[in-house]
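Below: the structure, in structure tokens.
In full-length UniProt numbering, the protein residues as written are 1 to 514.
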């Protein structure tokens with residue numbers, strides 16, 4: 001099966017669950033595992049003749065399942081087989097938490113290690129995580145802890161019982177479904193602060209356990225990535241992504257930074273482990289809030305940011321609108337923290353101790369490619385969603401899909417990264433004479449080397465709205481709908497299936513043309 005350079009997907013189905021005054025779908029997640037996944041999840045510990053047969057039976061049932069959510073309910077639907085609709089009602093929560101229009105329900109699939117053949121769906125509403133058992137069609141627990149609205153939920157690709165939630169309280173919380181939630185006053189497990197021999201009761205804002213029970217059922221917060229004045233996020237955290245093979249997690253947020261954190265090699269599950277200093281942090285890539293970050297390989301990441309209003313120069317109040325950016329970049333310090341001659345499983349805290357230059361605006365990154373997201377309808381406050389998916393099919397070159405959806409749009413922009421992302425050219429150094437820049441070959445027509453430690457070049461001319469930037473977003477997947485509009489999308493089934501959801505409780509299905 002090979003891709004051509006023209007659009008390889010076509011619209012196959014349009015499904016509407018429309019009811020009177022139905023809200024728009026806010027989140028979608030296709031079942032993320034396939035027959036081959038049993039050899040990768042939990043490092044292949046489940047591989048046996050009996051388990052392989054049971055796993056394949058599970059995939060035959062849920063391989064085309066999609067979880068969809070809005071503020072009132074969660075649906076589990078089979079997009080290819082059709083039918084077998086499971087609906088979970090979400091409770092109405094009265095809360096004083098401040099929200100913004102982009103806040104909403106977030107959703108992800110997970111597997112408990114005790115019953116890996118019973119998939120779970122994680123749903124976040126405001127600052128609560130609900131855990132739903134799909135086979136039994138009922139909720140089995142909930143978790144609290146964040147002091148702000150949860151902005152994203154992600155599951156570890158190899159250990160699907162580990163998941164992380166990011167929040168507007170500046171923190172990221174990492175949970176383990178192996179352990180039950182603390183059902184008691186758990187501040188007794190907090191660490192002692194100086195001058196007080198008893199466990200601190202400072203609670204969640206200080207990276208400690210709450211003074212009340214954590215929740216009911218499965219799941220316990222084991223790690224908290226702190227925000228604030230140390231080296232954590234100074235604003236809301238908007239996205240996160242686990243590394244496939246290393247004990248790492250990347251986060252991004254409103255403070256324009258991307259951070260890479262080390263996960264501790266071993267922890268006491270009763271106590272909440274706090275991290276306040278990442279291995280990498282920089283705000284030199286993006287001009288605006290960073291909406292998402294994802295790992296594409298061992299040391300290559302992709303992140304995207306919202307449009308921004310920029311000053312023409314520092315001495316003027318005149319402004320222009322800078323489009324959003326999708327940046328493909330390499331983290332250069334991976335080999336320093338994870339030498340090839342040391343097994344990550346036997347590493348200690350000494351190996352993962354960063355220096356101040358790592359977490360204070362590090363320059364240890366290299367930009368590989370940049371794309372710009374055009375401002376839609378001349379409104380710079382509209383922020384697109386970007387989703388990535390690793391491709392397992394035969395392609396012209398191995399790689400990954402990136403999908404971009406603008407809110408209330410009628411199409412998905414689909415890019416295959418090796419085909420559609422061009423190498424980023426080095427910029428001219430503003431402190432060197434022009435002839436010296438030319439002697440160094442910077443910005444030459446045949447120069448494809450990437451710059452280290454600096455963001456994309458800004459070619460906006462003073463007083464002009466013309467950009468000399470790559471805005472080609474690849475193929476277009478249209479909805480052919482006049483009224484219903486897209487809000488977000490997901491990809492699955494080894495890259496052969498794309499699902500979009502939107503207003504009027506509508507779902508669209510695109511399939512790979514074979």
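Cβ coordinates follow ideal geometry from the N, Cα and C atoms, glycine included.
Can you tell me the Cα-Cα spacing of residue 40 and residue 242, whole angstroms?
Translated into the one-based positions of the chain shown, residue 40 becomes position 40. Translated into the one-based positions of the chain shown, residue 242 becomes position 242. C-alpha separation (whole angstroms): 15 angstroms.
Just the Cα atoms here: how many angstroms apart are residue 213 and residue 182?
Along the chain shown, one-based indexing puts residue 213 at 213. Along the chain shown, one-based indexing puts residue 182 at 182. Spanning the two alpha carbons is a distance of roughly 6 angstroms.
Residue 60, buried or exposed, once every other Cβ within 10 Å from all chains shown has been counted against 16
Within the chain shown, residue 60 is the residue found at index 60, counting from 1. Residue 60 is exposed by the Cβ-count criterion.
What do you reckon, are the CB atoms on residue 508 and residue 476 nearer than 9 angstroms?
By one-based count along the chain shown, residue 508 stands at place 508. By one-based count along the chain shown, residue 476 stands at place 476. Their beta carbons are not under 9 angstroms apart, which means residue 508 does not touch residue 476 by this criterion.
Would you report the Cα separation of residue 157 and residue 244, rounded to the nearest angstrom?
The sequence position of residue 157 within the chain shown is 157, counting from 1. The sequence position of residue 244 within the chain shown is 244, counting from 1. Their backbone Cα atoms lie some 6 angstroms apart in a straight line.
Alpha-carbon spacing of residue 495 relative to residue 76, whole angstroms
Locating residue 495 in the chain shown gives position 495, where the first residue counts as 1. Locating residue 76 in the chain shown gives position 76, where the first residue counts as 1. In a straight line, the C-alpha of residue 495 is about 20 angstroms away from that of residue 76.
Kindly list the residues whose CB is nearer than 6 angstroms to the CB of residue 460, restricted to its own chain and excluding five residues on each side of it in sequence; keep chain order.
Reading the chain shown from its first residue, position 460 is the one you call residue 460. For residue 460, the predicted structure reports a pLDDT of 45, less than 50, and the residue's modelled location is therefore unreliable. The matter cannot be settled from this model.
Opposite residue 305 in the DSSP bridges: which residues?
Here residue 305 is taken as the residue at index 305 of the chain shown, counted from 1. The partner list for residue 305 (beta bridge, DSSP) reads 290.
Out of curiosity, what's the CA-to-CA distance linking residue 272 and residue 215?
For this step, residue 272 is matched to residue 272 along the chain shown. For this step, residue 215 is matched to residue 215 along the chain shown. One C-alpha to the other measures close to 15 angstroms.
Residues that residue 176 bridges to, as DSSP identifies them:
Translated into the one-based positions of the chain shown, residue 176 becomes position 176. Beta-bridge pairing links residue 176 to 162 and 220.
Span separating the alpha-carbon of residue 90 from that of residue 72:
Here residue 90 refers to the residue found at position 90 of the chain shown. Here residue 72 refers to the residue found at position 72 of the chain shown. Between residue 90 and residue 72, the C-alpha separation is close to 5 angstroms.
Please determine if the stretch 289 to 302 and the stretch 316 to 336 are in contact, where contact requires at least 3 C-beta pairs separated by less than 8 angstroms.
yes
Is residue 321 helix, strand or coil when you go by DSSP?
For the purposes of this step, residue 321 is identified with residue 321 of the chain shown, where counting begins at 1. It is a strand residue.
Return the CA-CA distance between residue 487 and residue 152, expressed in angstroms with no decimal places.
Residue 487 sits at position 487 when you count from the first residue of the chain shown. Residue 152 sits at position 152 when you count from the first residue of the chain shown. The straight-line gap from Cα to Cα measures roughly 15 angstroms.
Compute the Euclidean distance between the alpha carbons of residue 126 and residue 149, then round it to the nearest angstrom.
If you number the chain shown from 1, residue 126 lands on position 126. If you number the chain shown from 1, residue 149 lands on position 149. Each residue's alpha carbon lies about 5 angstroms from the other.
Return the first residue and the last residue of the alpha helix (DSSP H) that residue 58 is part of.
Your numbering for residue 58 matches position 58 in the chain shown. Residues 49 to 62.
One or two residues paired with residue 497 in a DSSP bridge:
The sequence position of residue 497 within the chain shown is 497, counting from 1. Residue 497 pairs with 492 and 511.
Please classify residue 38: does DSSP put it in a helix, a strand, or coil?
Start at 1 with the first residue of the chain shown, and residue 38 comes out as number 38. Three-state result, residue 38: helix.
Through-space distance from residue 129 to residue 174, alpha-carbon basis:
For the purposes of this step, residue 174 is taken as the residue at position 174 of the chain shown. For the purposes of this step, residue 129 is taken as the residue at position 129 of the chain shown. Their Cα atoms are separated by approximately 12 angstroms.
C-alpha distance - residue 518 paired with residue 384, whole-angstrom precision:
Residue 518 cannot be examined here, being either before or after the span of the chain that is shown, 1 to 514.
Can you pull the DSSP bridge partners for residue 78?
Numbered from its first residue, the chain shown carries residue 78 at position 78. 65, per the DSSP bridge assignment.
Rounded C-alpha distance that separates residue 504 from residue 124:
Numbered from 1 along the chain shown, position 504 holds the residue referred to as residue 504. Numbered from 1 along the chain shown, position 124 holds the residue referred to as residue 124. One C-alpha to the other measures close to 21 angstroms.
Per DSSP, what kind of secondary structure is residue 257 in: helix, strand or coil?
As a first step, residue 257 is located in the chain shown; it is residue number 257 there, counting from the start. DSSP places residue 257 in coil when its eight states are reduced to three.
From this set, 254, 217, 246 and 197, which residue's C-alpha is nearest residue 228's C-alpha?
In the chain shown, the residue the question calls residue 228 occupies position 228. The shortest Cα separation from residue 228 among 254, 217, 246 and 197 belongs to 254.
Are there 16 or more other CB atoms within 10 angstroms of the CB of residue 223, so buried, or fewer, so exposed?
In the chain shown, the residue the question calls residue 223 occupies position 223. Burial call: buried.
Integer-rounded CB distance, given that residue 240 should sit under 8 angstroms from residue 171:
Indexing the chain shown from 1 puts residue 171 at position 171. Indexing the chain shown from 1 puts residue 240 at position 240. Between residue 240 and residue 171 the Cβ distance is about 11 angstroms, and since that is not below 8 angstroms, they are no contact.
Distance between beta carbons of residue 230 and residue 276, contact taken as under 8 angstroms
Within the chain shown, residue 276 is the residue found at index 276, counting from 1. Within the chain shown, residue 230 is the residue found at index 230, counting from 1. At roughly 4 angstroms, the Cβ-Cβ gap stays under 8 angstroms, so residue 276 and residue 230 are in contact.
CB-CB under 6 angstroms to residue 313, same chain, minus the five flanking residues each way: which ones, in chain order?
As a first step, residue 313 must be located in the chain shown, where it is residue number 313. Cβ within range, chain order: n/a, list empty.
Could you pull the DSSP bridge partners for residue 138 from this structure?
Position 138 of the chain shown, counted from the start, is the residue given in the question as residue 138. Beta-bridge pairing links residue 138 to 133.
For residue 356, count neighbouring C-beta atoms within 10 Å of its own C-beta (all shown protein chains included) and say buried if the count is 16 or more, exposed if not.
One-based indexing of the chain shown puts residue 356 at position 356. With fewer than 16 Cβ atoms within 10 Å of its Cβ, residue 356 is classed as exposed.
Neighbourhood of residue 323 by C-beta, 6 angstroms cutoff - its chain only, sequence neighbours within 5 removed:
Here residue 323 refers to the residue found at position 323 of the chain shown. Counting only Cβ-Cβ distances below 6 angstroms, and skipping sequence neighbours, we find 307, 372, 373, 374 and 375.
Check each candidate in 497, 501, 502 and 217 and name the one with the smallest Cα separation from residue 10.
Counting from 1 along the chain shown, the entry for residue 10 is found at position 10. Taking only the C-alpha atoms, the option nearest residue 10 is 497.
With distances taken from CA atoms, which of 343, 179 and 197 is nearest residue 247?
Mapped onto the chain shown, residue 247 falls at position 247. The shortest C-alpha separation from residue 247 is found at 343.
Residue 137 classed as buried or exposed, judged by whether at least 16 other C-beta atoms fall within 10 angstroms
Counting from 1 along the chain shown, the entry for residue 137 is found at position 137. Per the 10 Å Cβ criterion, exposed.
On the DSSP letters alone, give me the boundaries of the alpha helix (DSSP H) that residue 72 sits inside.
For this step, residue 72 is matched to residue 72 along the chain shown. Segment: none, residue 72 is in no alpha helix (DSSP H) and carries neither H nor E.
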